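Engineer: Protein chains in written order, with UniProt numbering: chain A, 1 to 325; chain B, 1 to 325; chain C, 1 to 377; chain D, 1 to 377.
This is the structure, below, for whatever I ask next.
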Amino acid sequence: MTTMTLAKALNAGLRKAMEADDKVVIMGEDVGTLGGVFRITDGLQKDFGDARVIDTPLAESGIVGTAVGLAMRGYRPVVEIQFDGFVYPAYDQIVCQVAKLHFRSLGRVRIPMVIRIPFGGGIGAVEHHSESPEAQFVHTPGLKVVACSNPADGYAMIQQAIHADDPVVFLEPKRLYHSAKADVDESAPAAPLWQSRVVRPGSDATLVAYGPTVSTCLDAATVAAEEGRSLEVIDLRTLSPLDLVPVHESVRRTGRLVVVHEAHVTLGLGAEIAARVTEECFHSLEAPVLRVGGFDTPYPPARIEEAFLPDLDRVLDAVDRTFGF
Amino acid sequence: MTTMTLAKALNAGLRKAMEADDKVVIMGEDVGTLGGVFRITDGLQKDFGDARVIDTPLAESGIVGTAVGLAMRGYRPVVEIQFDGFVYPAYDQIVCQVAKLHFRSLGRVRIPMVIRIPFGGGIGAVEHHSESPEAQFVHTPGLKVVACSNPADGYAMIQQAIHADDPVVFLEPKRLYHSAKADVDESAPAAPLWQSRVVRPGSDATLVAYGPTVSTCLDAATVAAEEGRSLEVIDLRTLSPLDLVPVHESVRRTGRLVVVHEAHVTLGLGAEIAARVTEECFHSLEAPVLRVGGFDTPYPPARIEEAFLPDLDRVLDAVDRTFGF
Amino acid sequence: MTDPVFGPAPERVPDPELVQLLTPEGERVHHPGFDVDFTADELCGFYRDMVLVRRLDIEATALQRHGELGLWAQLLGQEAAQIGAGRALAPQDFVFPTYREHGVAWCRGVDPVRLLALFRGVDQGSWDPAEHNFGLYTIVIGAQTLHATGYAMGVQRDGLVGTGEPERDTAVVAHFGDGASSQGDVNEAFVFAASFNAPVVFFCQNNQWAISEPFERQSRIPLYRRAHGFGFPGIRVDGNDVLATYAVTKAALQRAREGQGPILIEAYTYRMGAHTTTDDPTRYRLSDDVEHWKLKDPIARLEVYLRRNGLADDAFLADVAAQADALGERMRRECHALPDPSPHDLWDLVHAEKTAELAAQQAEYDAHAASFEEVSS
Amino acid sequence: MTDPVFGPAPERVPDPELVQLLTPEGERVHHPGFDVDFTADELCGFYRDMVLVRRLDIEATALQRHGELGLWAQLLGQEAAQIGAGRALAPQDFVFPTYREHGVAWCRGVDPVRLLALFRGVDQGSWDPAEHNFGLYTIVIGAQTLHATGYAMGVQRDGLVGTGEPERDTAVVAHFGDGASSQGDVNEAFVFAASFNAPVVFFCQNNQWAISEPFERQSRIPLYRRAHGFGFPGIRVDGNDVLATYAVTKAALQRAREGQGPILIEAYTYRMGAHTTTDDPTRYRLSDDVEHWKLKDPIARLEVYLRRNGLADDAFLADVAAQADALGERMRRECHALPDPSPHDLWDLVHAEKTAELAAQQAEYDAHAASFEEVSS
Ligand SMILES: Cc1ncc(C[n+]2csc(CCOP(=O)(O)OP(=O)(O)O)c2C)c(N)n1
Ligand SMILES: Cc1ncc(C[n+]2csc(CCOP(=O)(O)OP(=O)(O)O)c2C)c(N)n1
Ligand SMILES: [Mg+2]
Ligand SMILES: [Mg+2]
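Following this line, the structure appears as structure tokens:
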């Protein structure tokens, strides 16, 4: 059991995966000597050499495209996209190649690639550094998409994602990299990667979140509890496939659901969850599923990002509204 | 009043827009001498010259990126993406530049660009030629997204989109290009671009569709009528902004809604419509909003695309299911 | 025009000769860099290959006309470029094709019927890339050049470059077209290959056209010179000359295997047919042009050479023609017999590990399909 | 090593001299292609500009350290490249910057406080591109090079190339870095610019680093030669020499305005500071390197030259220093005074024509905000 930040937990997880399988290679901009702009790959090039931790030319399509070739040659590339907003030059390779090669080849070609993306806002950054692009990947068949929300999950999930034989978009809540510290039990058996998890039980309404908004929801539940309202909080963890079993179970008890994410509300994950849960739990719902997310505007300048991001007040406000139907 | 195919109607609309404003330029692969692989720009280079109808090098990011520059210089570029599946190399320019420049510049920079995309399946094509990428653009603030479903709309909407001061992703149901013939009244006043439209009134359940699935839904309504069930069909026309006013009005009467599109169900437009309509019409709904769409698999080989695409049976089946709740 | 300040524009540098070993008239010429001797067997083999892949192409085109294929991308005119490139490979080399490399597929032992299946819409490529060391056809222009570069980086990591053992040293070929040279991905592949000195041979078939756009829209200088801007060699070869294409590719592959890094070959050729069976080239090019290139036919010139030098007699030529007939007959037969895929299987193919979500969608589909069978029975 | 078959690897061609007009020691040298005379006013102007933008940079860096800015991208060491490029412009020319062209912004009359606002997180660029003929900062690496090329195609369509009227003929500048040269977009910009012969000057500040990656990761040959692969000229200039940068840029712009098409300038310089204020360059580079480049300081060499030739006296230098102090003081003052934006306005900025959808979201936000004001009041 060690106390560590999310950044350190991911670093430790990557190291573990590299030790376990020498086909694991890390690729990206500045991942070598510098250890990445967030230091997630700190020290790995020193210990595993520059054939396994590769500083690439500055071209995201090139990074993902060459990673496809490495995967076809039997490697397990772990690609770092420096910031969420810079994944788009690689979008074509991800959507048309990474996602489709298994299908296209009738299952003969596997692309066990992990695409790590530091995502979300709240760090006071300039444009393109605070995006939440997950919905677009979840809409793309062939990709799997997960998001960690705490150091213990970060440590376990990155290893599981690397171990998986399918391409995984791995979302890391960048604003928690160096803030969230927690105990990581490196020898504990990890929960399956493809399961969501109830992180706080409750009975009056359900909150669903992932990545950076899990802690927002936990805070909201604490405040709500003081006001006598019991909120259940579910950390989705896996966005594709979606594991809504615990959500359905919860909503059947609470009758009320609010989904919280930083991505734009329109066609964000909340839309899909609302549609599925309404279909599955139609007669249990006391109110429509409500969504709290980033507004349908581009991510704003840092001085007003707090207004853009879902916060405790907007979450509690939505919970209130579910009681108004 | 002239009877024409959708392809001819779009061609006529483009010609009209070019005559009306000499800042309108057309760009793309093979749009010049060849008139585009679907002949939508047929004859335009001959009549307007190669400074206004530009055969570009084979690079979609280059096409959209240079169109941004032309827009900044006061032009109104109409970009043709040859097939839906080839829009992804331009995705970065569309999402990070086209969509955001107005916002980023505090409204000083306008990008009155139209990105024409022949979309959808049903033409027996090879991979990447039958995609429905609309959800990803609807999720992107700053873009407007419309889809035409018939020649009269094609003729009017393309002109309106070119006239609009914002970037518009213009989706054309390629499988209807040369099949759907209809009367186009070139002098009739056009309906506003940003409005959806009830194309068949009904009272028992509501179908919402756009582009290629409008005719599927109209066929379904015809069959249902024979079986004594009255379906209202709404052609969305505008996907971003969404105009759900007629949908809400309809659902308040029918209590049942099925959304039909070719895009993958998960996080397709149906998800957003389900979420919004459920929130707006919670107490009117007799059943959850159901969705009929492409499966969550990559688009399949042509010999089985019919199974993948929403058809009359799947639509009617979903309607039946809304009566089962 | 020489710019007084910036010096000669680079396109004014005299173009080094196209590498050619067999003239359009069937005359064997020599090139100092590629002083190769060919055995009669090799020459006859090239001839047979070219005749057979031309037949393959004609047959597939006919099948499309008869509605058996949804589409066909013709290689007519590019036989020498493809057979030269394909036959130069060592077994361990790996090839990343576009959608038109039927001749290379042939050399790699991919059954032509597998190509038909793809264009018929039965599947999206059903050969095993690992079995043939031949990747799947790639339709998104240029994407495969990055895959090739990454694969070559994998070969480096496997320690299979520069060992000096001919059985082990491995090179990778990235095929692409003149149009593709404009794509960002192709240029990024050049950057990565140069940066990592990857053992990849970029093989561009400049067939003068990207659908309706002439080569000049993509580049104002010969394409092989693009490589110079990235710091590796480029060379232009007569792509209608199978001997030259073979010799140049072989040398380039050897160079890559030895660890000397990437190289760009521009095989200068001509797309004699339409872009694909849906295309109508009369809309954008002169038949004069096509006639001009007919005189450079890759098969005719080798036939003249073989005959003139007594390397092939009537019996040999008749035998090749018979093989072509047999191939055509088999293709027709087996194409008709290709079974349609089952929609049921769709969900099995999405991932290596199927998800519960997709299994549920599959079950739903099956139930729906079953209900229809009930109704119709 | 010369390859016996493919000829000399292109990187072996002797590198033509870097264009330089002022040595690091402050000696004026001559270059046959750029035989330019400068007036005392021009030279003093360059000096003043460089001193002021260095102060601008230092001041902004300090503001970041004090928490007033979220980030700052330093130009330290690149003053000559930027002032040379900026002062060579004609008023009608249009510039597409990256995020580091503070010196060019200065030349284009953009108030430095506007740059602070962006890095403070108040906005994402609040100057009017059309007013200054200076586009917004672009953070996505390379994207702006395509915008520049398209803009230049617009200039062509406006008939403002090769008219011979110096007031009308227009060129466009695309700034980018050495790292950016690897991006697909930049190479596609080269393709488009060459294909359409667009009046665009690609101006690459090769400051040797892309964050922590040395230039060698991006290219194994000097970058100006990339242009040759696309069929247009490239030239390398001493980017720490304001005279040379000015002269080369001026000639390149003129060439573009005359209709001779694109050109690539590689301004060879060095990023003396960190990549941005969040970066720690000690993790990846030697201080020796930095020391070495200090000897090539762009301001010091011009100061030596001015003094030695009696072109600048103490009074002038003191005046420039005073101007720098005043600038610094104003930046501090006005930075503190920058008002925060209002979230309410977000929805007004998304489109030229606001949608009902966004108006509704805006109203909802306003109601929510008002309810909080009620609660807290
Ligand atoms: C990214 C992308 N854009 C557009 C297309 C449509 N398309 C298919 S082939 C082709 C022309 C390709 O020309 P070239 O690279 O010269 O190859 P060739 O067909 O001549 O063999 C185009 C534009 C595509 N397949 N992929
Ligand atoms: C598409 C994209 N990928 C990654 C980044 C992150 N990033 C910002 S600056 C930079 C290095 C740029 O290097 P260079 O082009 O040499 O310009 P310099 O910063 O040296 O001026 C990187 C990788 C980005 N902004 N955009
Ligand atoms: Mg071609
Ligand atoms: Mg740099």
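Glycine included, every Cβ here is placed at the ideal spot set by N, Cα and C.
Computed from a prediction, not measured in an experiment: that's the story for all the values here.
#1: To the nearest angstrom, how far is it from the Cα of ARG307 (chain C) to the Cα of GLY84 (chain C)?
#2: Cβ-heavy atom distance between ALA81 (chain D) and ligand 5 below 7 Å?
#3: Any idea if GLU353 (chain D) is buried or exposed, counting beta-carbon neighbours within 10 angstroms, 16 or more meaning buried?
#4: Got a list of residues with beta-carbon closer than 7 Å to any non-hydrogen atom of ligand 3, in chain order?
#5: Could you give the DSSP three-state label for SER240 (chain B): helix, strand or coil?
#6: Pull up the distance between the alpha-carbon of GLY77 (chain C) and that of CYS44 (chain C), whole angstroms please.
#7: If you check the beta carbons only, do VAL138 (chain B) and THR266 (chain A) fall under 8 Å apart?
#8: What number of angstroms, rounded off, separates the C-alpha of ILE115 (chain A) from the C-alpha of VAL168 (chain A)?
#9: Can you determine whether any heavy atom of ligand 1 sits closer than 7 Å to the C-beta of ARG100 (chain C), and answer yes or no?
#10: DSSP state of residue 330 (chain A), grouped into three classes?
#11: Taking the alpha-carbon positions, what's the ARG330 (chain C) to ALA359 (chain C) distance?
#12: Opposite ASN206 (chain C) in the DSSP bridges: which residues?
#13: Exposed or buried, which one is LEU116 (chain D) when buried takes at least 16 other CB atoms within 10 Å?
#14: Cα separation between THR2 (chain A) and ALA9 (chain A)?
#15: From HIS368 (chain D) to GLU374 (chain D), what does the alpha carbon distance come to, in whole angstroms?
#16: To the nearest angstrom, how far is the alpha carbon of ALA9 (chain C) from that of PHE203 (chain D)?
#17: Please identify the residue among D:ASP35, D:HIS147, D:MET50 whose C-alpha is closest to the C-alpha of GLY65 (chain B).
#18: Excluding the 5 residues flanking ALA152 (chain D) on each side, which residues of the same chain have their C-beta closer than 6 Å to its C-beta?
#19: Ligand 1 heavy atoms versus the CB of ILE141 (chain C): any closer than 7 Å?
#20: Please report the straight-line C-alpha distance between LEU327 (chain D) and LEU56 (chain D), rounded to a whole angstrom.
#21: Is VAL126 (chain B) close to chain C? Criterion is C-beta to C-beta, closer than 8 Å.
#22: Which residues mark the beginning and the end of the beta strand (DSSP E) in which GLU235 (chain B) is found?
#23: Residues in the same chain with beta-carbon distance under 7 Å from ASP235 (chain B), minus the five sequence neighbours each way, listed in chain order, please.
#24: Could one say the Cβ of PRO300 (chain B) lies closer than 8 Å to chain C's Cβ atoms, at least one of them?
#25: Take the Cβ of ALA302 (chain B) as the centre, count every other Cβ of all protein chains shown within 10 Å, and call the residue buried at 16 or more, exposed below.
#26: By Cβ distance, which residues of its chain are closer than 8 Å to PHE253 (chain C), with the 5 residues on each side in sequence left out?
#27: Tell me which same chain residues have a C-beta within less than 6 Å of the C-beta of ALA99 (chain B), skipping the five on either side of it?
#28: Within the continuous beta strand (DSSP E) that includes VAL25 (chain A), where are the two ends?
#29: At what residues does the beta strand (DSSP E) containing PHE94 (chain D) begin and finish?
#30: Assuming residue 330 (chain A) contacts GLY154 (chain C) (C-beta within less than 8 Å), just tell me the rounded distance between them.
#31: Say yes only if the C-beta of GLU131 (chain A) is nearer than 7 Å to one or more non-hydrogen atoms of ligand 2, and no if none qualify.
#32: Could you check if LYS294 (chain D) is buried or exposed, using at least 16 other CB atoms within 10 Å of its CB as the buried criterion?
#33: I want to verify the contact list: residues of chain C whose CB lies under 8 Å from the CB of LEU34 (chain B), in sequence order.
#34: PRO246 (chain A) CB to nearest chain B CB: under 8 Å?
#35: With three or more C-beta pairs closer than 8 Å as the rule, is the segment 34–48 of chain D touching the segment 243–250 of chain D?
#36: Is there at least one Cβ from chain C nearer than 8 Å to ASN207 (chain D)'s Cβ?
Structural biologist: Reading off the structure:
#1: Taking the first residue of the third sequence as position 1, residue 307 (chain C) is located at position 307. Taking the first residue of the third sequence as position 1, residue 84 (chain C) is located at position 84. Taking the straight line from one Cα to the other gives about 20 Å.
#2: Absence of ligand 5 from the depicted structure is noted, with ligand 1, ligand 2, ligand 3 and ligand 4 being the only ligands included.
#3: As a working note, residue 353 (chain D) is residue 353 in the fourth sequence. Residue environment analysis places GLU353 (chain D) among the exposed positions, since fewer than 16 neighbouring C-beta atoms fall within 10 angstroms of its C-beta.
#4: With the cut-off at 7 Å, the residues found are C:GLY177, C:ASP178, C:GLY179, C:GLN205, C:ASN206, C:ASN207, C:GLN208, C:TRP209, C:ALA210, C:ARG271.
#5: Along the second sequence, one-based indexing puts residue 240 (chain B) at 240. Correct three-state label for SER240 (chain B): strand.
#6: To locate residue 77 (chain C), count along the third sequence from 1; it is residue 77. To locate residue 44 (chain C), count along the third sequence from 1; it is residue 44. For GLY77 (chain C) and CYS44 (chain C), the distance between alpha carbons rounds to 19 Å.
#7: Locating residue 138 (chain B) in the second sequence gives position 138, where the first residue counts as 1. Locating residue 266 (chain A) in the first sequence gives position 266, where the first residue counts as 1. Contact: yes.
#8: On the first sequence, residue 115 (chain A) is found 115 positions in, with the first residue counted as 1. On the first sequence, residue 168 (chain A) is found 168 positions in, with the first residue counted as 1. Each residue's Cα considered, the two are about 6 Å apart.
#9: Taking the first residue of the third sequence as position 1, residue 100 (chain C) is located at position 100. ARG100 (chain C) Cβ: within cutoff of ligand 1.
#10: An answer regarding residue 330 (chain A) cannot be provided, because it is not within the stretch 1 to 325 covered by chain A.
#11: By 1-based counting over the third sequence, the position of residue 330 (chain C) is 330. By 1-based counting over the third sequence, the position of residue 359 (chain C) is 359. One Cα belongs to ARG330 (chain C), the other to ALA359 (chain C), and the distance between them is close to 38 Å.
#12: As a position in the third sequence, residue 206 (chain C) is number 206, starting the count at 1. The partner list for ASN206 (chain C) (beta bridge, DSSP) reads C:TYR268.
#13: Along the fourth sequence, one-based indexing puts residue 116 (chain D) at 116. Under a 10 Å Cβ-count criterion, LEU116 (chain D) is classified as buried, with 16 or more other Cβ atoms of the shown protein chains found around its own Cβ.
#14: Reading the first sequence from its first residue, position 2 is the one you call residue 2 (chain A). Reading the first sequence from its first residue, position 9 is the one you call residue 9 (chain A). For the pair THR2 (chain A) and ALA9 (chain A), the Cα-to-Cα distance works out to about 9 Å.
#15: Position 368 of the fourth sequence holds residue 368 (chain D). Position 374 of the fourth sequence holds residue 374 (chain D). Rounded to whole angstroms, the separation of the alpha carbons of GLU374 (chain D) and HIS368 (chain D) is 10 Å.
#16: In the third sequence, residue 9 (chain C) corresponds to position 9, counting from 1. In the fourth sequence, residue 203 (chain D) corresponds to position 203, counting from 1. Unreliable positioning characterises ALA9 (chain C) in this predicted model, as indicated by a pLDDT of 49, which lies under 50. The coordinate reading is nonetheless provided below. Looking at the two C-alpha atoms, the distance is approximately 18 Å.
#17: Taking the first residue of the second sequence as position 1, residue 65 (chain B) is located at position 65. Comparing Cα-Cα distances from GLY65 (chain B) to each of D:ASP35, D:HIS147, D:MET50, the minimum goes to D:HIS147.
#18: For this step, residue 152 (chain D) is matched to residue 152 along the fourth sequence. Excluding the 5 residues flanking it on each side, ALA152 (chain D) has same chain C-beta neighbours closer than 6 Å at VAL172, ALA198, PRO199, VAL200, in chain order.
#19: The residue labelled residue 141 (chain C) in the question sits at position 141 within the third sequence. It does: the Cβ of ILE141 (chain C) is within 7 Å (strictly closer) of some heavy atom of ligand 1.
#20: Numbered from its first residue, the fourth sequence carries residue 327 (chain D) at position 327. Numbered from its first residue, the fourth sequence carries residue 56 (chain D) at position 56. Between LEU327 (chain D) and LEU56 (chain D), the C-alpha separation is close to 7 Å.
#21: Taking the first residue of the second sequence as 1, we reach residue 126 (chain B) at position 126. The C-beta of VAL126 (chain B) comes closer than 8 Å to at least one C-beta of chain C.
#22: Taking the first residue of the second sequence as 1, we reach residue 235 (chain B) at position 235. What sits at residue 235 (chain B) in the sequence shown is Asp, not Glu. It spans 231–235 - the beta strand (DSSP E) in which ASP235 (chain B) sits, taken as one unbroken run.
#23: Taking the first residue of the second sequence as position 1, residue 235 (chain B) is located at position 235. Only SER149, SER196, ARG197, VAL199, ALA209, TYR210, VAL214 meet the Cβ criterion.
#24: Numbered from 1 along the second sequence, position 300 holds the residue referred to as residue 300 (chain B). Look at PRO300 (chain B): its C-beta is under 8 Å from a C-beta on chain C.
#25: Numbered from 1 along the second sequence, position 302 holds the residue referred to as residue 302 (chain B). ALA302 (chain B) sits buried, since 16 or more C-beta atoms from the chains shown fall within 10 Å of its C-beta.
#26: Stepping through the third sequence from its first residue, residue 253 (chain C) is reached at position 253. Sequence inspection shows Leu at residue 253 (chain C); the Phe mentioned does not correspond to that position. Hits under 8 Å: ALA88, LEU89, ALA90, ASP93, ALA171, VAL173, VAL201.
#27: The residue you call residue 99 (chain B) lines up with position 99 of the second sequence. Short of 6 Å from the beta carbon of ALA99 (chain B), and not among the five residues preceding or following it, lie these beta carbons of its own chain, in chain order: THR140, GLY142, LEU143.
#28: The count along the first sequence starts at 1 and reaches residue 25 (chain A) at position 25. Following the DSSP letters along the chain, one finds VAL25 (chain A) inside the beta strand (DSSP E) bounded by residues 24–28.
#29: Here residue 94 (chain D) refers to the residue found at position 94 when the fourth sequence is read from its first residue. Where PHE94 (chain D) is concerned, the enclosing beta strand (DSSP E) starts and stops at 94–96.
#30: Residue 330 (chain A) lies beyond the residue range present for chain A, which begins at 1 and ends at 325; the question has no answer from this structure.
#31: As a position in the first sequence, residue 131 (chain A) is number 131, starting the count at 1. Outside the cutoff, so no.
#32: For the purposes of this step, residue 294 (chain D) is identified with residue 294 of the fourth sequence, where counting begins at 1. LYS294 (chain D) comes out exposed.
#33: Taking the first residue of the second sequence as position 1, residue 34 (chain B) is located at position 34. By Cβ distance, chain C contributes ILE211, SER212, ARG283, TYR284.
#34: Taking the first sequence and counting its residues from 1, the one referred to as residue 246 (chain A) is at position 246. Not one chain B Cβ lies under 8 Å of PRO246 (chain A).
#35: Between the segment 243–250 of chain D and the segment 34–48 of chain D, the count of C-beta pairs closer than 8 Å reaches three or more; the two stretches touch.
#36: Within the fourth sequence, numbered from 1, the residue matching residue 207 (chain D) stands at position 207. Answer no: the Cβ-Cβ gap between ASN207 (chain D) and chain C never drops below 8 Å.
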